[in-house]
Amino acid sequence: KMTQQMRDLQLAQARKPPGPSSPNAAKRLYRNLSGKFRVNYTSFDEGSLVGRGEKEKLRKSYLFQSNAALFEAVELQDLDRVQEMLKHYSPEELDLNTPNSEGLLPLDIAIMTNNAPIARALLQAGAKESPHFVSLESRSLHLSTLVREAEQRVNELMAQVVNEAPSADCSDKEKQLKAWEWRFRLYKRMKAGFEHARVPDAPSSVHLSVASSSSLQVTFWEPLSVNSAVVTKYKVEWSCSPTFSPLLGEAVIDKLKDLSFTIQGLASGTAYHVRVAAYNMKGWGPPQASTPPCAIPSNWREYDGRAPRRRGQAEALDHLLGQLKTIHQHCICHEPCKNQPQSRKHSVSKSLKHLFHPGSKFLKTLKRGLYLTAIFYKDDNILVTHEDQIPVVEIDDTYSCLLMQDFLWLTKVSCMWDEILWLRQCVTVSQSSCSCILQTRFKMLLAISQMQGLLGIQDLGQVFFEPIKDKQGNILIVTLKEVKTSQTFESVRWVPICKLQSSRKSVSSPEEPTALDTLLASVQDKLAYHQRSSHALSPGLYLGYLKLCSAVDQIRVLVPEQLPNILCHVKIRSNPNISREEWEWLQKMASVEEPVPTEPETVRSQNPLFQELQVAIKELMTLVNIPLQEAKDFRLYSQEVLDFGDQVSFLLLLPPSDDVCTAPGQNNPYTPRSGFLTLPLQIFELGEER
Numbered sequence: 001k002m003t004q005q006m007r008d009l010q011l012a013q014a015r016k017p018p019g020p021s022s023p024n025a026a027k028r029l030y031r032n033l034s035g036k037f038r039v040n041y042t043s044f045d046e047g048s049l050v051g052r053g054e055k056e057k058l059r060k061s062y063l064f065q066s067n068a069a070l071f072e073a074v075e076l077q078d079l080d081r082v083q084e085m086l087k088h089y090s091p092e093e094l095d096l097n098t099p100n101s102e103g104l105l106p107l108d109i110a111i112m113t114n115n116a117p118i119a120r121a122l123l124q125a126g127a128k129e130s131p132h133f134v135s136l137e138s139r140s141l142h143l144s145t146l147v148r149e150a151e152q153r154v155n156e157l158m159a160q161v162v163n164e165a166p167s168a169d170c171s172d173k174e175k176q177l178k179a180w181e182w183r184f185r186l187y188k189r190m191k192a193g194f195e196h197a198r199v200p201d202a203p204s205s206v207h208l209s210v211a212s213s214s215s216l217q218v219t220f221w222e223p224l225s226v227n228s229a230v231v232t233k234y235k236v237e238w239s240c241s242p243t244f245s246p247l248l249g250e251a252v253i254d255k256l257k258d259l260s261f262t263i264q265g266l267a268s269g270t271a272y273h274v275r276v277a278a279y280n281m282k283g284w285g286p287p288q289a290s291t292p293p294c295a296i297p298s299n300w301r302e303y304d305g306r307a308p309r310r311r312g313q314a315e316a317l318d319h320l321l322g323q324l325k326t327i328h329q330h331c332i333c334h335e336p337c338k339n340q341p342q343s344r345k346h347s348v349s350k351s352l353k354h355l356f357h358p359g360s361k362f363l364k365t366l367k368r369g370l371y372l373t374a375i376f377y378k379d380d381n382i383l384v385t386h387e388d389q390i391p392v393v394e395i396d397d398t399y400s401c402l403l404m405q406d407f408l409w410l411t412k413v414s415c416m417w418d419e420i421l422w423l424r425q426c427v428t429v430s431q432s433s434c435s436c437i438l439q440t441r442f443k444m445l446l447a448i449s450q451m452q453g454l455l456g457i458q459d460l461g462q463v464f465f466e467p468i469k470d471k472q473g474n475i476l477i478v479t480l481k482e483v484k485t486s487q488t489f490e491s492v493r494w495v496p497i498c499k500l501q502s503s504r505k506s507v508s509s510p511e512e513p514t515a516l517d518t519l520l521a522s523v524q525d526k527l528a529y530h531q532r533s534s535h536a537l538s539p540g541l542y543l544g545y546l547k548l549c550s551a552v553d554q555i556r557v558l559v560p561e562q563l564p565n566i567l568c569h570v571k572i573r574s575n576p577n578i579s580r581e582e583w584e585w586l587q588k589m590a591s592v593e594e595p596v597p598t599e600p601e602t603v604r605s606q607n608p609l610f611q612e613l614q615v616a617i618k619e620l621m622t623l624v625n626i627p628l629q630e631a632k633d634f635r636l637y638s639q640e641v642l643d644f645g646d647q648v649s650f651l652l653l654l655p656p657s658d659d660v661c662t663a664p665g666q667n668n669p670y671t672p673r674s675g676f677l678t679l680p681l682q683i684f685e686l687g688e689e690r
């Protein structure tokens with residue numbers, strides 16, 4: 001008979017039918033699920049059933065079937081099917097941690113049959129061991145009970161098959177006998193796996209690093225031994241004493257997707273010792289001490305008490321903007337412009353001209369001037385007007401050359417699309433000076449307002465880093481924005497990009513393409529740039545390479561095409577924090593004028609940052625095509641660590657002082673390989689902020 005514990009479990013939940021009589025039956029069950037489960041579950045979500053009770057009943061039915069199919073796949077040791085089910089269904093849909101009628105979970109079966117690949121796949125998905133096995137004795141007793149009851153059932157069915165005459169009932173008994181024989185062998189294999197298992201060895205390695213001024217990062221690896229049972233959880237312990245007495249804290253990690261743990265709430269400046277132990281169904285193994293044996297929570301800012309660079313900057317800028325709005329509002333309301341009578345005739349004529357000017361609609365062609373176009377895209381589609389044209393409005397029909405300062409000013413305006421009306425009022429008040437620059441920028445604001453009004457949207461996206469020019473004297477400023485929702489716009493519709501390109505080729509002149517032709521021919525490259533410029537780095541410490549080149553009206557910075565909002569870089573490590581001890585070592589290295597001789601192997605092994613920097617510098621030199629022997633003249637920027645939030649930080653590698661910025665006409669002996677571009681410095685700064 002079942003133990004009393006299993007009887008209680010049977011009363012708490014409905015008993016599931018016995019497993020299939022053969023592996024083929026389990027495969028048929030899974031095939032049925034892989035076809036029916038997806039379709040019917042979708043129709044259930046769409047509300048095809050009327051009664052709420054029927055919906056809940058159907059949902060439970062599918063959960064039950066998916067759970068049964070997972071049990072069968074684990075029992076048959078079918079790794080491919082287990083992985084496929086874990087990929088397509090959530091743990092809730094699979095009912096991953098609900099015991100079956102025998103009180104077992106899928107993970108219990110995997111570890112007791114010593115099937116490590118399936119056990120690891122289940123652990124990655126969040127599977128747990130049965131909570132009913134509170135001790136080694138309870139697990140052993142339960143397995144013995146399962147084996148004894150299965151053997152008893154096999155003997156009963158065998159006697160019935162032998163004694164009964166051939167009939168339909170006898171055929172059913174034979175099928176039941178085969179199923180129970182198969183289950184009897186499974187339970188015996190599980191019992192043998194449990195009896196022969198031993199506690200796990202210590203983790204093969206435990207690495208300790210400083211995560212912040214109040215936390216430590218612990219990273220560990222599985223035990224090397226392959227003879228013990230699968231490890232299902234780990235325990236991290238920490239103490240101020242190398243003997244771990246008293247113990248300050250411990251944490252059990254049973255989510256094994258990432259074998260790491262951050263110890264929070266520690267005292268800055270205090271040394272902590274850490275060790276990690278592994279657990280399997282036989283219990284806890286011996287602990288492994290960390291390397292290094294202890295660490296002190298700290299941050300590089302503690303070296304000289306420096307405050308974060310950006311602390312309070314956003315609030316200060318918001319306050320400054322509020323003050324400016326208040327001042328200009330007072331000026332507009334109570335101090336009319338002194339020179340208004342002289343410019344009244346011009347203002348009225350311009351406003352009347354605007355009513356009848358074709359600029360009140362999207363333009364079809366360009367006629368030697370400065371224009372603004374907005375590219376809105378979604379997947380492989382782009383927004384066009386009803387005439388199948390990219391939305392274009394005129395900024396100035398008399399503007400033959402775009403000054404870089406005006407363009408860079410417009411890129412800053414793109415950070416405050418919602419404030420265009422207020423900016424127009426400010427520039428209107430200032431037009432009394434009759435400045436050509438202000439006149440041009442006012443026309444830019446008018447064009448932006450016009451584009452916003454025609455599209456019915458305020459946010460026009462990000463300005464592409466350089467305008468498009470053609471031989472006809474047209475200059476096209478391009479904004480880019482990805483639309484991720486089903487958003488509706490006025491006066492425009494969606495069209496596949498390839499269709500728009502093919503239709504444009506039929507009417508354009510290949511000898512002298514216009515700026516619009518050039519835009520359409522390169523639109524995929526611009527969309528790729530826009531998408532890449534919004535990508536973020538994964539958490540970690542990086543080594544960046546700062547290389548500038550100057551022109552007459554701007555300074556440009558070298559960036560990778562794949563991530564144009566970040567300097568050329570390589571990853572040093574996953575931990576973004578620089579500890580106080582590491583920063584002190586960097587300061588010491590920076591203060592030495594002569595090249596530092598190669599450190600002994602013992603020193604290198606005690607300074608992981610030294611090894612990490614050596615590897616990163618070699619990788620970065622190769623990336624930007626600079627001979628490694630030139631690295632001796634390069635310098636690490638030692639004034640600060642560049643922090644980008646809490647998860648990403650940079651150390652900067654600088655060329656020799658004479659080569660940081662290449663002047664016009666100056667020969668650069670080392671040209672980076674393909675995959676890089678140079679951005680105007682102001683554009684790069686805006687992309688970095690985004």
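Under the UniProt record's numbering, read the sequence shown as residues 1 to 690, first letter to last.
All C-beta atoms in this analysis are idealised placements derived from N, C-alpha and C, irrespective of residue type, glycine included.
* In three-state DSSP terms, what is residue 687? -> When DSSP states are grouped into helix, strand and coil, residue 687 belongs to the helix group.
* To do: Would you mind reading off the limits of the alpha helix (DSSP H) that contains residue 530?
  => According to the DSSP assignment, residue 530 belongs to the alpha helix (DSSP H) that extends over 523-532.
* Asked: If you draw a straight line from the alpha carbon of residue 553 to that of residue 493, how long is it in whole angstroms?
  -> Between residue 553 and residue 493, the alpha-carbon positions lie close to 39 Å from each other.
* Quick one: which unbroken alpha helix (DSSP H) runs of 4-plus residues sit fully inside the stretch 605-658? Chain order, please. => Here the runs fully enclosed are 608-623.
* Asked: Taking the alpha carbon of residue 541 as the point to measure from, which residue in 517, 237 and 569 has its own alpha carbon closest?
  -> Residue 569 is the option with its Cα nearest to residue 541.
* Asked: If we ignore side chains and look at the alpha-carbon of each, how far apart do residue 560 and residue 679 end up?
  -> Our two residues, residue 560 and residue 679, have alpha carbons roughly 10 Å apart in a direct line.
* To do: Just list the beta strand (DSSP E) runs in the stretch 67-129, keeping only unbroken ones of 3 residues or longer that don't cross its boundaries, in chain order.
  => Correct list: empty.
* To do: Compare the beta carbon distance of residue 500 and residue 388 with 8 Å and say whether it is the shorter of the two.
  => A contact, by the Cβ cut-off of 8 Å.
* Say whether the stretch 63-79 touches the stretch 150-168, bearing in mind that this needs 3 or more beta-carbon pairs closer than 8 Å, one atom from each stretch. => Not touching, per the Cβ criterion.
* Note down the Cα distance separating residue 392 from residue 525, rounded to an integer number of angstroms. => Spanning the alpha carbons of residue 392 and residue 525 requires a straight line of approximately 19 Å.
* Measure the Cβ-Cβ separation of residue 216 and residue 272 and say whether it is below 8 Å. => A contact, by the Cβ cut-off of 8 Å.
* To do: Find the nearest neighbour of residue 383 within the set 481, 319, 466 and 316, judged by alpha-carbon distance.
  => For the residues 481, 319, 466 and 316, the minimum Cα distance to residue 383 belongs to 481.
* Assign residue 692 to one of three DSSP states: helix, strand, or coil. => Outside the displayed range of the chain (1 to 690) lies residue 692, so it cannot be described from this structure.
* Asked: Is it buried or exposed for residue 633, if we count other Cβ within 10 angstroms and need 16 for buried?
  -> The residue in question, residue 633, is exposed, as its Cβ has fewer than 16 Cβ neighbours within 10 Å.
* From 298, 201 and 258, pick the residue whose C-alpha is nearest to that of residue 289; which is it? -> Looking at the Cα atoms, 201 is the closest of the given residues.
* **Own chain partners of residue 59 with C-beta closer than 6 Å, once the 5 adjacent residues on each side are dropped** => Residue placement at residue 59 is flagged as unreliable, the pLDDT there being 48, under the threshold of 50; a coordinate-derived value is accordingly withheld.
* Asked: Since residue 222 contacts residue 231 with CB under 8 Å, what's their CB separation in whole angstroms?
  -> At roughly 6 Å, the Cβ-Cβ gap stays under 8 Å, so residue 222 and residue 231 are in contact.
* Asked: Where does residue 565 sit, in a helix, a strand or coil, going by DSSP?
  -> The DSSP-derived three-state label of residue 565 is coil.
* To do: Go ahead and pull the three-state DSSP assignment for residue 155.
  => Residue 155: helix per DSSP, three-state reduction.
* Take residue 579 and list the residues in its own chain whose beta-carbon comes closer than 6 Å to its own, dropping the five residues that flank it on each side. => Same-chain partners within the cutoff: 210 and 298.
* To do: Taking 8 Å as the threshold, find out whether the stretch 518-533 comes into contact with the stretch 543-553 through three or more Cβ pairs.
  => Contact between the stretch 518-533 and the stretch 543-553 is absent, because fewer than three Cβ pairs lie under 8 Å.
* In its own chain, which residues sit with a C-beta less than 6 Å from the C-beta of residue 128, not counting the 5 before and 5 after it? -> Residues of the same chain with a CB within less than 6 Å of the CB of residue 128, apart from the 5 flanking positions on each side, are 97 in chain order.
* To do: State the start and end residues of the unbroken alpha helix (DSSP H) segment that holds residue 409.
  => For residue 409, the enclosing alpha helix (DSSP H) has its first and last residue at 404-413.
* Would you mind giving the Cβ-Cβ distance between residue 111 and residue 411, rounded to the nearest angstrom? I have them listed as a contact below 8 Å. => The beta carbons of residue 111 and residue 411 sit about 58 Å from each other, so the pair does not count as a contact at 8 Å.
* Asked: Given a threshold of 16 other Cβ atoms within 10 Å of its Cβ, counted over all protein chains shown, does residue 451 qualify as buried or as exposed?
  -> That one is buried.
* Asked: Just reading off the alpha helix (DSSP H) that residue 221 is part of, what are its end residues?
  -> No alpha helix (DSSP H) holds residue 221; the beta strand (DSSP E) holding it covers 215-221.
* Asked: Taking the DSSP output, what are the residues bridged to residue 396?
  -> Bridge partners of residue 396: 370.
* Limits of the beta strand (DSSP E) - the one that residue 383 falls within -> Where residue 383 is concerned, the enclosing beta strand (DSSP E) stretches over 381-385.
* **Three-state class that DSSP yields for residue 681 in the structure shown** => When DSSP states are grouped into helix, strand and coil, residue 681 belongs to the helix group.
* Tell me whether residue 33 is buried or exposed, calling it buried when 16 or more other Cβ atoms sit within 10 Å of its Cβ. => Bear in mind that a pLDDT of 42 at residue 33, under 50, signals an unreliable position, so the number given afterwards is only what the model happens to contain. So residue 33 counts as buried.
* Asked: In its own chain, which residues sit with a C-beta less than 7 Å from the C-beta of residue 213, not counting the 5 before and 5 after it?
  -> Counting only Cβ-Cβ distances below 7 Å, and skipping sequence neighbours, we find 268, 297, 298, 299 and 302.
* To do: Following the continuous beta strand (DSSP E) through residue 449, name the residue where it begins and the one where it ends.
  => Premise fails: residue 449 lies in the alpha helix (DSSP H), 436-455, not in any beta strand (DSSP E).
* Could you say which of 650, 656, 239 and 648 lies nearest to residue 631 if we only look at CA atoms? => Considering only 650, 656, 239 and 648, the residue with the shortest C-alpha distance to residue 631 is 656.
* So residue 288 is in the beta strand (DSSP E); what residue range does that whole segment cover? -> Under the DSSP assignment, residue 288 falls in the beta strand (DSSP E) whose first and last residues are 288-295.
* Go through its chain and collect everything with a Cβ distance to residue 556's Cβ below 8 Å, but skip five positions before and after it. => 548, 549, 550, 678, 679, 680 and 681.
* Asked: Which value, in whole angstroms, describes the spacing of the CA atoms of residue 576 and residue 199?
  -> A direct Cα-Cα distance of roughly 36 Å separates residue 576 from residue 199.
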